[in-house]
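Numbering (UniProt numbering), first residue to last: 1 to 173.
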């Protein structure tokens, strides 16, 4: 059975010729949304294939035209749907890069003391770098930036993330 992974969300139609505005949630939007790329939307628990006809950048979004969607009425039918890529279409990542699915729910430890801080519960991609939500066993969740000075080691084989918390990242109260 094929697994699918979210890479974006269709927000709204753009114009009258079937183009849609997409919020990309992938680190590789130029590759995922390239002409000829296979993406999927979910309709009634079934994945429906869409082929990218062309893409262009528009502010922080992408304007995407899919094959066989040629007017605003067809575009409106796919709005508010998530876009997925099939596992078989994923490419190898460069060293030091990870798919979200591989690191979500991994235990997070203090690199200096070895103390377990919690688990990686959520990842947001607001801009220059991702931010990770760490959920401790007790207390409030906190966010850390995914930058070299904070995230020291990601060990996928042992499902372990080691971080160095900068002052002020965690509310101890």
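From the three backbone atoms N, C-alpha and C, an ideal C-beta is built for every residue, glycine too.
Mind checking residue 146: buried by the 16 CB within 10 Å criterion, or exposed? buried
Reduced DSSP category for residue 173 - H, G, I as helix; E, B as strand; rest coil: Residue confidence for residue 173 is low, a pLDDT of 47 falling below 50, so the modelled location carries little weight; the figure read from the coordinates is stated next. Looking at residue 173 - three-state DSSP - the assignment turns out to be coil, as it is neither helix nor strand.
Quick one: grab the DSSP three-state call for residue 137. coil
Could you pull the start and end residues of the alpha helix (DSSP H) that residue 74 belongs to? 72–77
In whole angstroms, what separates the C-alpha of residue 64 from that of residue 22? 7 Å
Based on Cα-Cα distance, which residue from 16, 75, 82, 59 lies nearest to residue 215? Beyond the ends of the chain as shown, which are 1 and 173, falls residue 215; an answer cannot be given.
Return the CA-CA distance between residue 8 and residue 80, expressed in angstroms with no decimal places. 10 Å
Chain-order list of residues whose beta-carbon lies under 7 Å from that of residue 14 (same chain, five-residue window excluded): 20, 21, 63
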